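J.: This structure is in structure tokens; I'll ask about it shortly.
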Amino acid sequence: MKLKQISVFLENRKGRLWKALNILSEAKINIRALSIADTSEFGILRMIVPQPNEAIHILEENNFVVQINDVIGVAVPDEPGGLDKILGILNKSDINVEYLYAFVEKKREQAMVVLKTEDINAGIKALKDGNITILSSEEIYNL
Amino acid sequence: MIWNKKAECMSVEEKEELQLRRLTEVVKIAYENVNYYKKRFNEMNVHPDDIETLEDINKLPFTSKTDLRDAYPFGLFAVPHDEIVEVHTTSGTTGKPTVSGYTQKDLDIWGEVMARALTMAGAGKKDLIQNCYGYGLFTGGLGVHYGAQKIGATVIPISAGNTQRQIQIMQDFGSTILTCTPSYALHLSDVLQNNGVEPEKISLKSGVFGAEMWTEEMREEIENRLNLSALNVYGLTEIIGPGVAQECTEKNGLHIFDDHFYPEIIDPENLKPLSYDEKGELVLTTLTREGMPIIRFRTRDITTLRREKCECGRTLVKMDRITGRSDDMLKIRGVIVFPSQIERAILNIKGLEPHYQIIVTRPHHLDELEVQVEASNILFSDEVKHIEDIKKNIEDHIHDEIGLRVNITFVEPQSLPRSNGKAVRVIDRRNL
Ligand SMILES: [Zn+2]
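Going down the list, the sequences are from chains P and A. Going by my numbering, the final residue of the first sequence carries number 143, and the count climbs one at a time with no gaps. Going by my numbering, the final residue of the second sequence carries number 1432, and the count climbs one at a time with no gaps.
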């Protein structure tokens, strides 16, 4: 089960992150998870939103460069060593992690992790084989 | 074939002796007959007697386009009007045109250098030269005309325009040599193709193309489409017209008729002379012109002079194809860079829009070049590594083109100024 993530190009200029988030908020698009990859010259805003196509449309209308791609969402027990287990499984299967970001869900006492492996399908398979719960889009959107 | 073996193949020693003799003469004539030159020489405390070697030309003042314009219409003529038999002008798209005056002897020299140029392109008595350069005040038409007549070839003075008639005559008469601007040659080939004319139906063997800047890629295109050998001709109305330099069939540079036009290359910023193989602005001095001698004219054209032996046997000095104008030139860490070079590199990369901006800074006493390009879906990715690879790829392309490392930065779409006419491509923050 793959998750759709949208990425937004952020020019290294004051107010661009705010502008992108403001556009989404005005369109009443809820952001479930978010991370920013920051270099000295540009940034990449990565987000999981319940309506990715709508979000892309509205951002592109406002001259943002947007991409959509697949990532994996997993639930990790909110306790020491939770993330360690996941990375251990991937490492053992020789699967490269490009990036990941996590957020904690209070209601479930679980941490949600969004991760991107070099090969998404291989990543999903290895995690499933390691008995890790892969989250569906619905599960994430309905948090 | 070489039109004038004695002049075109003379030894360097002989040439320099001839050039020095002619230079001292023309400087004297200019000083004694043209008020403008007398005034400028006096201001710079230089006298014609100071010219004892060819290097002494460095002591003389430059003549710019503005100087010529200020002398409008006849201020630079060195002979009484009854000796002037023809005048031409530049197009004068920016302000007043400049006028060029010719005596009968000047027209003979013009015919001579154009005869050399056309012979270089393979023209002989039997050839039919379809001359589509404009006849009139513009020098292109009559320059080719005089050269063709000197050779004894048949000139078809069809002038510019009326493309349907051009291709009709080209087929019916069997024109063998085409003279026009390179862009018109491409246009002719388009129309030939649209009319369904088979390449075998035309007899063109070579073309003498000039009066505008063009590239090796264009040469290839023209040669493939018109099935001829495309050669580059160079000239300026201020100096004489076409026939200052012409490419031989070796196609690696243009031979300057340097027994009539003395070339120098200078650094356009500090005006210091540069040597062979160095890139800079071409400066020309007429060595034999009577009607309007021109001393050290700044052409604004960027090129390099080459002294190496040419396979064609000519010893005339060679210049590279013109690569730009000194007005748009940038000098980065001593290297000459044109925005057009960066544009060419950018256009070679798939997915890149031709919108860019060049920012020059000097952060630590060293010039830095930043090129901003607009991010697009094709260039963007969710991974930093991927974007950095694309950035490096563009930087490599530009490095191949200009020989310098630049820093590419991505900006948001629609954020760079669009080119309407002359876009602001370069922002120089160096406080030079
Ligand atoms: Zn040659």
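Note that beta-carbon positions come from the ideal geometry of N, C-alpha and C, so glycine has one too. In this text the structure is predicted, and so the values were computed from the model without any measurement.
(1) Looking only at its chain, what residues have a beta carbon closer than 7 Å to the beta carbon of Ser1415/A, apart from the 5 residues adjacent to it on each side?
(2) Got a sec, what are the start and stop residues for the beta strand (DSSP E) Glu1370/A sits in?
(3) Am I right that Thr1063/A and Ile1295/A are in contact with their C-beta atoms under 8 Å? What's the rounded C-beta distance?
(4) In chain order, what residues of the region 1376-1403 of chain A put their CB closer than 9 Å to some CB of chain P?
(5) Between the region 1035-1058 of chain A and chain P, which residues of the former have CB atoms less than 7 Å from a CB of the latter, in chain order?
(6) Would you call the region 1024-1037 of chain A in contact with the region 1267-1276 of chain A, where contact means no fewer than 3 C-beta pairs closer than 8 Å?
(7) Under 7 Å Cβ to Cβ from Ala126/P, same chain only, skipping five residues before and after it: list those, please.
(8) For Glu98/P, report the span of its beta strand (DSSP E) as first-last.
(9) Out of Ile1029/A, Leu1118/A, Ala1007/A, state which residue places its alpha-carbon closest to the alpha-carbon of Gly1243/A.
(10) I want to see whether chain P comes within less than 8 Å of Thr1409/A, judged by CB atoms only; does it?
(11) Mind checking Arg1430/A: buried by the 16 CB within 10 Å criterion, or exposed?
(12) Give the straight-line distance between the Cα atoms of Thr1103/A and Asp1082/A, rounded to the nearest whole angstrom.
(13) Out of curiosity, what's the CA-to-CA distance linking Ile1349/A and Tyr1262/A?
(14) For Gly1351/A, which of Asn1058/A, Lys1251/A, Val1360/A, Ser1376/A has the nearest alpha-carbon?
(15) Starting from the beta carbon of Glu1412/A, find every residue of chain P whose beta carbon is closer than 9 Å, and list them in chain order.
(16) Please say whether Ile1266/A and Glu1281/A have beta carbons closer to each other than 8 Å?
(17) Against Ala37/P, what residues of chain A qualify as contacts under a CB-to-CB distance less than 7 Å, listed in chain order?
(18) Could you work out which residue in Leu3/P, Lys4/P, Val8/P, Lys2/P is closest to Ile1378/A when comparing CA atoms only?
(19) Given 7 Å as the limit, tell me if Glu1250/A has its C-beta closer than that to any heavy atom belonging to ligand 3.
(20) Could you tell me whether the Cβ atoms of Glu1008/A and Leu1316/A are closer together than 8 Å?
(21) Confirm the yes/no value for this check: CB of Arg1307/A, any heavy atom of ligand 1, distance under 7 Å.
(22) Taking the alpha carbon of Glu1221/A as the point to measure from, which residue in Ala1185/A, Lys1028/A, Pro1080/A has its own alpha carbon closest?
(23) If you measure beta-carbon to beta-carbon, which residues of the region 17-34 of chain P are closer than 7 Å to chain A?
(24) Would you give the residue range spanned by the beta strand (DSSP E) that Glu11/P belongs to?
(25) Taking the alpha carbon of Ala1030/A as the point to measure from, which residue in Thr1288/A, Arg1344/A, Gln1019/A has its own alpha carbon closest?
(26) Let me know the secondary structure DSSP gives Asn131/P once reduced to three states.
(27) Closest to Phe1297/A by CA distance: which of Pro1048/A, Leu1020/A, His1047/A, Lys1065/A is it?
(28) Check for me: the alpha helix (DSSP H) holding Tyr1072/A runs from which residue to which?
(29) Any beta carbon from chain A within less than 8 Å of Glu41/P's own beta carbon?
(30) Closest to Asn1407/A by C-alpha separation, out of Asp1389/A, Pro1413/A, Pro1417/A, would be which residue?
(31) Just to confirm the assignment, what range does the alpha helix (DSSP H) spanning Gly82/P have?
(32) Just verifying my parser: in three-state terms, what is the DSSP assignment at Ala33/P?
(33) Assuming the contact rule is C-beta atoms closer than 8 Å, Glu1383/A and Glu98/P should be a hit. Round their C-beta distance to whole Å, please.
T.: Short version:
(1) Counting only Cβ-Cβ distances below 7 Å, and skipping sequence neighbours, we find Glu1374.
(2) Per DSSP, Glu1370/A is one residue of the beta strand (DSSP E) stretching across 1368-1374.
(3) Contact flag correct, Cβ pair sits at about 6 Å.
(4) Within the region 1376-1403 of chain A, the residues whose Cβ lies closer than 9 Å to any Cβ of chain P are, in chain order, Ser1376, Asn1377, Leu1379, Phe1380, Ser1381, Asp1382, Glu1383, Val1384, Lys1385, Ile1387, Glu1388, Lys1391.
(5) Cβ contacts with chain P come from no residue of the region 1035-1058 of chain A.
(6) The region 1024-1037 of chain A, when compared against the region 1267-1276 of chain A, does not touch it at the 8 Å Cβ threshold.
(7) If you ignore the 5 residues before and after Ala126/P, its C-beta comes within less than 7 Å of the C-beta of Ile89, Leu90, Ser93, Ile95, all in its own chain and listed in chain order.
(8) That run of the beta strand (DSSP E) goes 97-105.
(9) It is Leu1118/A.
(10) Yes, Thr1409/A counts as interfacial toward chain P.
(11) By the 10 Å Cβ count, Arg1430/A comes out exposed.
(12) A direct Cα-Cα distance of roughly 9 Å separates Thr1103/A from Asp1082/A.
(13) Whole-angstrom Cα-Cα distance: 41 Å.
(14) It is Ser1376/A whose Cα lies nearest to the Cα of Gly1351/A.
(15) Ordered by position in chain P, the residues that pass the 9 Å Cβ test against Glu1412/A are Phe9, Leu10, Glu11, Arg13, Arg16, Asn63, Phe64, Val65.
(16) Yes.
(17) Ordered by position in chain A, the residues that pass the 7 Å Cβ test against Ala37/P are Val1384.
(18) If you compare the alpha carbons of Leu3/P, Lys4/P, Val8/P, Lys2/P with that of Ile1378/A, the shortest gap goes to Val8/P.
(19) Looking for ligand 3 in the displayed structure turns up nothing; the ligands present are ligand 1.
(20) Against a cut-off of 8 Å, the Cβ pair of Leu1316/A and Glu1008/A comes out as a contact.
(21) No - ligand 1 has no heavy atom lying nearer than 7 Å to the Cβ of Arg1307/A.
(22) Minimum Cα-Cα distance from Glu1221/A among the listed residues Ala1185/A, Lys1028/A, Pro1080/A corresponds to Ala1185/A.
(23) The residues in question: there are none.
(24) 3-11 is the span of the beta strand (DSSP E), which, as asked, contains Glu11/P.
(25) Out of Thr1288/A, Arg1344/A, Gln1019/A, Thr1288/A has the C-alpha closest to the C-alpha of Ala1030/A.
(26) Here Asn131/P carries a coil assignment [DSSP, helix/strand/coil].
(27) With distances taken between Cα atoms, Phe1297/A lies closest to Lys1065/A.
(28) Run containing Tyr1072/A: none; DSSP gives neither H nor E here.
(29) Among the residues facing chain A, Glu41/P is included, as its CB has a counterpart in that chain under 8 Å away.
(30) Measuring from the Cα of Asn1407/A, the nearest candidate turns out to be Asp1389/A.
(31) For Gly82/P, the enclosing alpha helix (DSSP H) covers residues 82-92.
(32) Looking at Ala33/P - three-state DSSP - the assignment turns out to be strand.
(33) Their Cβ separation, rounded to whole angstroms, is 6 Å, which keeps Glu1383/A and Glu98/P in contact under 8 Å.
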